[in-house]
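One structure is given below, encoded as structure tokens.
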Amino acid sequence: MLRDEKMDLIIFSSEYKNFREAILDNIPDIFGMMRRISIAIGPICNILNIGFVKVKLVAPVSIIARHGTNDEKIIYEDPNGYETAPIIQTYRTGENGIFTVEVRAKKKHKFINTEIQAAKLICDDLFIILGRCRLMSAVHYASHTDTLTGAPNMSRLVQHCIGLKAAQKLQNFAGLFINLKNYKYVNQSKSPAVGDKGIITFARTVMSMCHEDEMIARLGGDNFFILVRKENRDMFIRQLTPMRIEILMPQMPVFSLTIHCRIGVYDAKPTDTLNEILHCSSIAMNESRMHPGMDVVFFEKRMFETVSHEKEISAMFQEALNRKEFVVYYQPKVSVNEQSLCGCEALVRWNRNGQIISPGEFLPILEKEASVCQLDFYVFHRVCEDIRSWLNMGFDPVRVSSNFSRRHLSNPHLAQDILDIMKEFNIDSKYIEIELTEASDFEDKVAMQKFVNELRSHGISVSIDDFGTGYSTFNALKDLNVNVIKLDKSLLDHIGEEKHHDEVVVKNMVNMINELHLEVVAEGVENSKQLDFLHDAKCSTVQGFIYDKPLSKDEFEQRLSNKSGYKDAL
Numbered sequence: 003m004l005r006d007e008k009m010d011l012i013i014f015s016s017e018y019k020n021f022r023e024a025i026l027d028n029i030p031d032i033f034g035m036m037r038r039i040s041i042a043i044g045p046i047c048n049i050l051n052i053g054f055v056k057v058k059l060v061a062p063v064s065i066i067a068r069h070g071t072n073d074e075k076i077i078y079e080d081p082n083g084y085e086t087a088p089i090i091q092t093y094r095t096g097e098n099g100i101f102t103v104e105v106r107a108k109k110k111h112k113f114i115n116t117e118i119q120a121a122k123l124i125c126d127d128l129f130i131i132l133g134r135c136r137l138m139s140a141v142h143y144a145s146h147t148d149t150l151t152g153a154p155n156m157s158r159l160v161q162h163c164i165g166l167k168a169a170q171k172l173q174n175f176a177g178l179f180i181n182l183k184n185y186k187y188v189n190q191s192k193s194p195a196v197g198d199k200g201i202i203t204f205a206r207t208v209m210s211m212c213h214e215d216e217m218i219a220r221l222g223g224d225n226f227f228i229l230v231r232k233e234n235r236d237m238f239i240r241q242l243t244p245m246r247i248e249i250l251m252p253q254m255p256v257f258s259l260t261i262h263c264r265i266g267v268y269d270a271k272p273t274d275t276l277n278e279i280l281h282c283s284s285i286a287m288n289e290s291r292m293h294p295g296m297d298v299v300f301f302e303k304r305m306f307e308t309v310s311h312e313k314e315i316s317a318m319f320q321e322a323l324n325r326k327e328f329v330v331y332y333q334p335k336v337s338v339n340e341q342s343l344c345g346c347e348a349l350v351r352w353n354r355n356g357q358i359i360s361p362g363e364f365l366p367i368l369e370k371e372a373s374v375c376q377l378d379f380y381v382f383h384r385v386c387e388d389i390r391s392w393l394n395m396g397f398d399p400v401r402v403s404s405n406f407s408r409r410h411l412s413n414p415h416l417a418q419d420i421l422d423i424m425k426e427f428n429i430d431s432k433y434i435e436i437e438l439t440e441a442s443d444f445e446d447k448v449a450m451q452k453f454v455n456e457l458r459s460h461g462i463s464v465s466i467d468d469f470g471t472g473y474s475t476f477n478a479l480k481d482l483n484v485n486v487i488k489l490d491k492s493l494l495d496h497i498g499e500e501k502h503h504d505e506v507v508v509k510n511m512v513n514m515i516n517e518l519h520l521e522v523v524a525e526g527v528e529n530s531k532q533l534d535f536l537h538d539a540k541c542s543t544v545q546g547f548i549y550d551k552p553l554s555k556d557e558f559e560q561r562l563s564n565k566s567g568y569k570d571a572l
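Every position in the sequence shown, counted from 1, becomes a number in my numbering once 2 is added.
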């Protein structure tokens, strides 16, 4: 055989065909592929007189290798030995790493030119196939792993649970649905980079706590799910409430971060799949949001019934809105000194098939999913429509306060949307008051300041509702350009009772608001003791059942026709 024919012999030989077929397989494990190559490459090496093949990979930190790579492996080694002089082929990988293939001739053999060319072809094959394998490994890793933390993702969790279910072991586990409480404040007070590092450290700390068949999965953001053996459940909860971690950042001293978790707990039953475990534990976690201080909540059947009811309300809402089942009522505000009608608050009721559904039954649900924004504008549109009707009838309307949820603060055009509705019905700003609850975080506060300033620049009154119920509620007086403060009903519940300091608190609140030249309204006034106390405290306006319940439009029109009718009401 001529020497220059040897290259063609290798390329078109059955041995080379068998080698290619053996290695062209979907194996995402690079070490598994190397074992496959080691088995398949022997016949080729015999033909080419190759006695030794070694591959080496040096690569930086990447999604494929979180700690970098510096590995080498002997692919083929002739039992009779090999020469010392190598052929070395070097390739650069996509992440700027170096892949090297070292080939040596059999003992006492010197490569001819065609053998060298064929050996280089085999080196190319090894680089291509192992590179493909690494790419498949990266795709497989990315599809099953959270890229920030390195923890399993939802896809990996599903696969794990399918395996446990098939082995009839899933019922031995409990699900912990975890939300890192107020974690956005870490990003705000430190930096997003510190926030990410905290998430990473938290996830890896929990991963180190997990036994082989236990798993933490990041669901996204600051939400995690942990599948733990039931006997380890309480230990995990103790470790998580709270968890203190050390944060190490470049060019920064190590500092401690205490992470507080909301945890929903559910013990799996024999019939459960991952769907049931996730669903029930998430319901329990959301229950903890509704009860500050209850950070760990175990699932109870009644919670499922509550969620079902919420879904029913949500499902009915849009149809009810289209059918105008929501009705606006007006609760009068009365001047304490004049005993006359001086304003009112627009309140919504849901008339469903002739039955009135209490606001407490549907407003919190709509607030949760932001559907309340649609309802707020529906009510405000009806308020402006009613005011225009009263003006056309010759009434002199009082100022009507209309509630807007803080959910609206993500709408940069909120003030303009309100002004557009007022313009549609040609409503003077003196008849409108927008009622807000205080914002809970920095972004909301900035948005609220901008919104309030826009309204006030157009002469629209703005009130802060539920004043006196939050730890930072006095910031509203300092930071917001409001002109009306509404005292929360809870401040009046113990007026007239001994051993309560509420009277001193309310008096000083009212005095402070008056000194700031703002209007003060006490809501939920139900008896003469409360009214007399508020009169003495110089509270100018009250709202409550002592004068009137919320009234229908027709009933309220009667009050408009006789604003002084409260003088003889008590």
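Idealized CB from N, CA, C, for every residue including glycine.
- Query: What span of residues does the beta strand (DSSP E) with Phe-175 cover, start to end?
  - Reply: 175 to 182
- Item | Assigned secondary structure, Asp-73 (DSSP; H/G/I helix, E/B strand, else coil) | strand
- Message: Rounded to the nearest angstrom, what separates Ser-342 and Asn-564 at their Cα positions?
- Response: 9 Å
- 4-residue-minimum alpha helix (DSSP H) runs that sit fully inside the stretch 162 to 244, ordered along the chain: 186 to 191, 194 to 211 and 235 to 242
- Task: Label Arg-304 either buried or exposed according to how many other C-beta atoms from any shown protein chain fall within 10 Å of its C-beta, with 16 as the threshold for buried.
- Result: exposed
- Message: So that I know if they touch, is there some Cβ in chain B lying closer than 8 Å to that of His-162?
- Response: Absent here is chain B; the protein component of the structure consists of one chain.
- For the stretch 391 to 403 against the stretch 361 to 378, are there 3 or more C-beta pairs whose distance is under 8 Å? no
- Message: I need the straight-line Cα distance from Arg-22 to Val-299, nearest angstrom please.
- Response: 57 Å
- Taking all protein chains shown into account, decide if Leu-457 is buried (16 or more other Cβ within 10 angstroms of its Cβ) or exposed. buried
- Item | Rounded separation between Arg-37 and Gly-70 - CA only | 22 Å
- Grab me the residues of Ser-554's own chain with a C-beta within less than 7 Å of its C-beta, minus the 5 sequence neighbours each way, in chain order. Tyr-331
- Query: Taking all protein chains shown into account, do 16 or more other C-beta atoms lie within 10 angstroms of the C-beta of Leu-50, making it buried, or fewer, making it exposed?
  - Reply: buried
- Between the Cα of Ile-462 and those of Thr-273, Phe-453 and Leu-172, spot the shortest distance and give me the residue it belongs to. Phe-453
- Query: Taking just the CA atoms, how far does Asp-127 sit from Lys-19?
  - Reply: 12 Å
- Task: Write down the C-beta distance between Val-464 and Val-448 rounded to the nearest angstrom, noting that I regard them as a contact closer than 8 Å.
- Result: At roughly 16 Å, the Cβ-Cβ gap does not stay under 8 Å, so Val-464 and Val-448 are not in contact.
- Task: Could you tell me the boundaries of the alpha helix (DSSP H) in which Cys-47 lies?
- Result: 44 to 50
- Between which two residues does the alpha helix (DSSP H) harbouring Gly-362 extend? 361 to 370
- Query: With respect to the alpha helix (DSSP H) encompassing Leu-562, which residues constitute its N-terminal and C-terminal limits?
  - Reply: 555 to 563
- Item | Enclosing beta strand (DSSP E) for Ile-285 [first to last residue] | Segment 276 to 292 is the alpha helix (DSSP H) holding Ile-285; no beta strand (DSSP E) there.
- Anyone know if the C-beta pair for Ile-201 and Ile-239 falls short of 8 Å? no
- Query: Whose C-beta lies closer than 7 Å to the C-beta of Arg-220 among residues of the same chain, with five residues either side of it excluded?
  - Reply: Asp-148, Thr-151, Ala-153, Asn-155, Ala-205 and Phe-226
- Give the range of the alpha helix (DSSP H) segment to which Gly-133 is assigned. 115 to 146
- Which residue's Cα is closest to the Cα of Leu-490: Ser-459, His-503 and Gly-526? Note on identity: in this sequence residue 490 is Asp, with Leu being the wrong assignment. Ranking the options by Cα distance to Asp-490, first place goes to Gly-526.
- Query: How close, in whole Å, do the beta carbons of Leu-438 and Met-450 come, if the pair is a contact with beta carbons under 8 Å?
  - Reply: 7 Å
- Message: Are the CB atoms of Thr-543 and Val-350 within a distance shorter than 8 Å?
- Response: no
- Message: Going by C-alpha to C-alpha distance, which of Ser-492, Lys-75, Ala-524 and Lys-509 sits closest to Lys-58?
- Response: Lys-75
- Item | Buried versus exposed call for Asn-288 [16 or more other C-beta atoms within 10 Å across all chains shown] | buried
- Message: Considering only the alpha carbon of each residue, which of Pro-194, Val-508 and Leu-182 lies closest to Leu-242?
- Response: Leu-182
- Considering Glu-528, what are the terminal residues of the beta strand (DSSP E) in which it resides? That residue, Glu-528, is in no beta strand (DSSP E); it is neither H nor E in DSSP.
- Task: State the beta-bridge partners of Tyr-268 as determined by DSSP.
- Result: Gly-177
- Message: Suppose the cutoff is 6 Å on Cβ atoms and the five residues either side in sequence are ignored; what does the same chain contact list for Thr-92 look like?
- Response: Thr-102
- What three-state label does DSSP hand Ala-417 in the structure shown? helix
- Beta-bridge partners of Glu-79, as assigned by DSSP: Phe-54
- Message: For a test of the three-state rule: what should DSSP assign to Glu-302, helix, strand or coil?
- Response: coil
- Message: Looking at Ile-32: is its Cβ nearer than 8 Å to the Cβ of Arg-136?
- Response: yes
- Message: Taking DSSP's pairing of strands, which residues face Leu-159 in a bridge?
- Response: None; Leu-159 has no bridge partner.
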